[in-house]
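2 protein chains.
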Amino acid sequence: MPKVTAEYREARRDEITAAALRCFQARGLAATSMSDIIAESGLSAGAIYGHFEGKHDIMMAAAREVIGHRIADLRELAGESAPSPAEVVTRMMTGLSGDVAKPSLLLQVWAQAMVEDGVRELLWTVFADIREAFDHYFMRWAVEHESLDEVAAREWTATLMPAAVGLAQGYIVQSAVFPAFDSAAYLASVRSVLQQ
Amino acid sequence: MPKVTAEYREARRDEITAAALRCFQARGLAATSMSDIIAESGLSAGAIYGHFEGKHDIMMAAAREVIGHRIADLRELAGESAPSPAEVVTRMMTGLSGDVAKPSLLLQVWAQAMVEDGVRELLWTVFADIREAFDHYFMRWAVEHESLDEVAAREWTATLMPAAVGLAQGYIVQSAVFPAFDSAAYLASVRSVLQQ
DNA sequence: GTGTCAAGAACGAATGTTCTTTTTTAGTTG
DNA sequence: CAACTAAAAAAGAACATTCGTTCTTGACAC
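Going line by line, the protein sequences match chains A and B. Residues 437 to 632 (the numbering used here) are what the first sequence spells out, left to right. Residues 437 to 632 (the numbering used here) are what the second sequence spells out, left to right.
In structure tokens, the structure reads:
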């Protein structure tokens, strides 16, 4: 029989995850040590190991936190009137600001996925979700605004998809790498190449 | 007075760098240890520290090796007849295959740049070079094929630039992350959004 | 033989994790 | 409602291991 409520435990977990995210942001995913996380959280080693199995477990929780949020943004578009491809991609990118998922953290997660199976699989499912959402919106746009039949719309969407995803990824790379990244200019550029 | 020739020393350095690159590719930049590099190179700790100051020094050499090659490709375009933006971006991406700069390694370097000043500065200079090259080709195309005057060409280029760079970065991310990445489809998609 | 190179044992510091101890908690009893 | 209890959570010292680096030794080139 537990001595604290489930809510309390979950809150503690979130606390630790948040501290870990701050460390990952500052020092990088791989370079962050347990001591760093312990110090940042203000807790002790024993406390943390009561909530997570180990460093790998914390990293996965942090990665989930970081890349999971991207989907929610896209779902919100569902209610609005059929958005153009440029609007869909724009939403994906602007949703980043103010999120836990700082671009530099996303970059860290991507790099970690090259090396760690768990992160890679997590990343695949998220990218699959994003593509599915893009596909939904693009198809609708193709039929309603480009006046294409189902077959032509499918082809049009398939052609557009890689570049649309790539533009979103480029946004993340550039905003992470360049200190004076001009977000508005990038969005304008995206609108321009995706024509409207 | 050295007992071996300068060529011998440089060859040794390259040997070590190559071994390090193999390790970085397999285990990731941050997770690779000196023991890994020592074992992979077949040399000893003493030998390696005779050629590099330390791990940081090796990482920088590897990073230079990885991202430095991107420029050479672009320079080759200079001779050919004014390439279209799509051709420029395509060249940037296709040049990756068969290079030391495997996309997954580039991703590692980008992530490392978030954390290590030396790598970040190196990355900035490379990206600046790439943009400069893009700028050169885009301007020429704007004047010769879009019949724009200098001022309009500059604006046209500025609008196109962020997306063009982003598309190239998206290619790297996708080819690194997705096991079944369809390179040809991506290139077709780029040609499509950059119209021709 | 003198001066450089390579080998690999050796070093302290830092790593992720566990273990023991102390503190806190919720539930029970008087 | 106060005191007690059993159990769980937190603290932090302690652990073996691995880290990056240095040092000592022997081998080899000129």
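The beta-carbon is built from N, C-alpha and C at its ideal position, and this holds for glycine as well.
Below 8 Å on the Cβ atoms is my guess for A/A466 versus B/A466; work out the distance and round it to an integer in Å.
-> In the first sequence, counting from the first residue as 1, residue 466 of chain A sits at position 30. In the second sequence, counting from the first residue as 1, residue 466 of chain B sits at position 30. With 8 Å as the limit, A/A466 and B/A466 qualify as a contact, their Cβ atoms being about 3 Å apart.
Just the C-alpha distance for A/S533 and A/I608, rounded to the nearest angstrom, thanks.
-> For the purposes of this step, residue 533 of chain A is taken as residue 97 along the first sequence, with counting starting at 1. For the purposes of this step, residue 608 of chain A is taken as residue 172 along the first sequence, with counting starting at 1. Straight-line measurement puts the Cα of A/I608 at about 11 Å from the Cα of A/S533.
Stretch-stretch touch, CB-based, cutoff 8 Å, three pairs: the segment 517-534 of chain A with the segment 568-575 of chain A | In short, these stretches touch, since the Cβ pair count reaches three.
List the residues of chain B whose Cβ lies closer than 9 Å to the Cβ of A/W546, in chain order.
-> Counting from one through the first sequence, the residue named residue 546 of chain A turns up at place 110. Near A/W546 (Cβ distances below 9 Å), the residues of chain B are L543, W546, A547, V609, A612 and V613.
Show which residues of chain B have a CB atom less than 8 Å away from the CB atom of A/R527.
-> Taking the first residue of the first sequence as position 1, residue 527 of chain A is located at position 91. Correct list: empty, because the minimum Cβ distance to chain B is about 16 Å.
Buried or exposed (CB count within 10 angstroms, at least 16 for buried), A/T441 = For the purposes of this step, residue 441 of chain A is identified with residue 5 of the first sequence, where counting begins at 1. Classified as exposed, A/T441 has fewer than 16 neighbouring CB atoms from the shown chains inside 10 Å of its CB.
Report the neighbours of B/L559 on chain A: residues whose CB is nearer than 8 Å to its CB, in chain order.
-> Residue mapping note: residue 559 of chain B aligns to position 123 of the second sequence, counting from 1. B/L559 reaches chain A at V613, counting residues in chain order whose Cβ is nearer than 8 Å.
C-alpha distance - B/V629 paired with B/G504, whole-angstrom precision = Residue numbering aside, residue 629 of chain B sits at position 193 when the second sequence is read from its first letter. Residue numbering aside, residue 504 of chain B sits at position 68 when the second sequence is read from its first letter. Whole-angstrom Cα-Cα distance: 28 Å.
Might you give, ordered along the chain, the residues of its own chain that have their beta carbon closer than 7 Å to the beta carbon of B/W592, omitting 5 neighbours on each side?
-> The sequence position of residue 592 of chain B within the second sequence is 156, counting from 1. For B/W592, where only same-chain residues beyond five positions count, the Cβ hits under 7 Å are A578, E582 and L584.
Compare the C-beta of A/L584 with all C-beta atoms of chain B and state if any pair is closer than 8 Å.
-> Taking the first sequence and counting its residues from 1, the one referred to as residue 584 of chain A is at position 148. No, because no Cβ of chain B sits closer than 8 Å to the Cβ of A/L584.
Length of the line joining the Cα atoms of B/V601 and A/Y444 | Within the second sequence, numbered from 1, the residue matching residue 601 of chain B stands at position 165. Within the first sequence, numbered from 1, the residue matching residue 444 of chain A stands at position 8. Separation of B/V601 and A/Y444 (C-alpha to C-alpha, rounded to the nearest whole angstrom) is 46 Å.
So, using beta-carbon positions, are A/S625 and B/M528 closer together than 8 Å?
-> For the purposes of this step, residue 625 of chain A is identified with residue 189 of the first sequence, where counting begins at 1. For the purposes of this step, residue 528 of chain B is identified with residue 92 of the second sequence, where counting begins at 1. No Cβ-Cβ contact shorter than 8 Å links A/S625 with B/M528.
Nearest-angstrom beta carbon gap, B/A547 and A/L543 [assumed within contact, 8 Å] | As a position in the first sequence, residue 543 of chain A is number 107, starting the count at 1. As a position in the second sequence, residue 547 of chain B is number 111, starting the count at 1. Distance from A/L543 to B/A547 at the Cβ level is roughly 5 Å; contact confirmed, criterion being Cβ atoms closer than 8 Å.
Determine the DSSP secondary structure at A/L647, reduced to helix, strand or coil.
-> Past the edges of chain A, shown from 437 to 632, lies residue 647 of chain A, and the structure says nothing about it.
In chain order, which continuous runs of the alpha helix (DSSP H) of length 4 or greater are located wholly inside the segment 574-613 of chain B?
-> Scanning the segment 574-613 of chain B from its first residue to its last, the whole alpha helix (DSSP H) runs of 4-plus residues come out as 586-613.
Starting from the C-beta of B/F563, find all residues in its chain whose C-beta is less than 8 Å away, skip the five residues before and the five after it, and write them out in chain order.
-> Position 127 of the second sequence holds residue 563 of chain B. Excluding positions up to five away in sequence, the list reads V601.
Which bits of chain A does B/V601 rub up against, with CB to CB less than 8 Å?
-> To locate residue 601 of chain B, count along the second sequence from 1; it is residue 165. Residues of chain A passing the Cβ test: G606 and Q610.
Residue from A/A616, A/I507 and A/R458 with nearest C-alpha to A/W560 = Translated into the one-based positions of the first sequence, residue 560 of chain A becomes position 124. Answer by Cα proximity: A/I507.
Identify whether A/S471 lies in helix, strand or coil by the three-state DSSP scheme.
-> Reading the first sequence from its first residue, position 35 is the one you call residue 471 of chain A. Here A/S471 sits in helix by DSSP.
Between the Cα of A/I566 and those of A/A604, A/T453 and A/G554, spot the shortest distance and give me the residue it belongs to.
-> Position 130 of the first sequence, counted from the start, is the residue given in the question as residue 566 of chain A. Of the listed residues, the one whose Cα sits closest to A/I566 is A/A604.
Taking Cβ-Cβ distances shorter than 8 Å, what residues in chain B pair up with A/G490?
-> Along the first sequence, one-based indexing puts residue 490 of chain A at 54. At a beta-carbon threshold of 8 Å, none of the residues of chain B lie near A/G490; the nearest stands roughly 15 Å away.
Name the chain A residues that come within less than 8 Å of B/S628, Cβ to Cβ?
-> Counted from its first residue, the second sequence places residue 628 of chain B at position 192. Using a Cβ-Cβ cut-off of 8 Å, B/S628 is close to T595, L596 and A599 of chain A, given in chain order.
Nearest-angstrom Cα separation, counted from B/R500 out to B/C459 | Locating residue 459 of chain B in the second sequence gives position 23, where the first residue counts as 1. Locating residue 500 of chain B in the second sequence gives position 64, where the first residue counts as 1. About 16 Å.
Short Cβ contact (8 Å threshold) for B/Q434 with B/K538 | Residue coverage of chain B in this structure runs from 437 to 632, which leaves residue 434 of chain B outside it and unanswerable.
Do A/S477 and A/I452 have their CB atoms nearer than 8 Å?
-> Residue numbering aside, residue 477 of chain A sits at position 41 when the first sequence is read from its first letter. Residue numbering aside, residue 452 of chain A sits at position 16 when the first sequence is read from its first letter. Yes, the Cβ-Cβ distance between A/S477 and A/I452 is below 8 Å.
Would A/M575 count as contacting chain B if we go by Cβ distances under 8 Å?
-> To locate residue 575 of chain A, count along the first sequence from 1; it is residue 139. Not closer than 8 Å to any Cβ of chain B, the Cβ of A/M575 fails to qualify, so no.
Keeping to the same chain, check which residues put their C-beta closer than 8 Å to that of B/D472; ignore five residues upstream and five downstream.
-> Counting from one through the second sequence, the residue named residue 472 of chain B turns up at place 36. Contacts found: C459 and R463.
What span of residues does the alpha helix (DSSP H) with A/T526 cover, start to end?
-> Mapped onto the first sequence, residue 526 of chain A falls at position 90. Note, A/T526: alpha helix (DSSP H), P521 to T530.
Taking Cβ to Cβ, would you say A/V502 is nearer than 8 Å to A/V555?
-> Here residue 502 of chain A is taken as the residue at index 66 of the first sequence, counted from 1. Here residue 555 of chain A is taken as the residue at index 119 of the first sequence, counted from 1. Cβ distance not < 8 Å, so A/V502 and A/V555 don't count as in contact.
Taking Cβ positions only, does B/R590 come closer than 8 Å to chain A?
-> The residue given as residue 590 of chain B occupies position 154 in the second sequence. Judged by the 8 Å Cβ criterion, B/R590 is not in contact with chain A.
For B/A474, I'd like the list of residues in its chain whose CB is within less than 8 Å of its CB, leaving aside the five on either flank, ordered along the chain.
-> One-based indexing of the second sequence puts residue 474 of chain B at position 38. Residue 474 of chain B is actually Ile in this sequence, not Ala. The beta carbon of B/I474 sits closer than 8 Å to those of S480, A481 and I484, all from its chain and outside the five residues before and after it, given in chain order.
Grouping DSSP H, G and I as helix and E and B as strand, with all else coil, what is A/V551?
-> As a position in the first sequence, residue 551 of chain A is number 115, starting the count at 1. In the structure shown, the three-state DSSP call for A/V551 is coil.
Would you say A/M470 reaches chain B, if we count a Cβ-Cβ gap shorter than 8 Å as a contact?
-> What you label residue 470 of chain A is simply residue 34 of the first sequence in a count that begins at 1. Not an interface residue.
Determine the burial state of B/S469: buried for a count of at least 16 other Cβ atoms within 10 Å of its Cβ, exposed for fewer.
-> Here the question's residue 469 of chain B lines up with position 33 in the second sequence. A residue is called buried once 16 or more other Cβ atoms fall within 10 Å of its Cβ, and B/S469, having fewer, is exposed.
State the DSSP-derived secondary structure class of B/A466, mapped to helix, strand or coil.
-> Here residue 466 of chain B corresponds to residue number 30 of the second sequence, with the count starting at 1. For B/A466, the three-state secondary structure derived from DSSP is coil.
What residue from A/Y622, A/A454 and A/P615 has the CA that sits closest to B/E557's CA?
-> As a working note, residue 557 of chain B is residue 121 in the second sequence. Ranked by Cα distance from B/E557, the first of A/Y622, A/A454 and A/P615 is A/P615.
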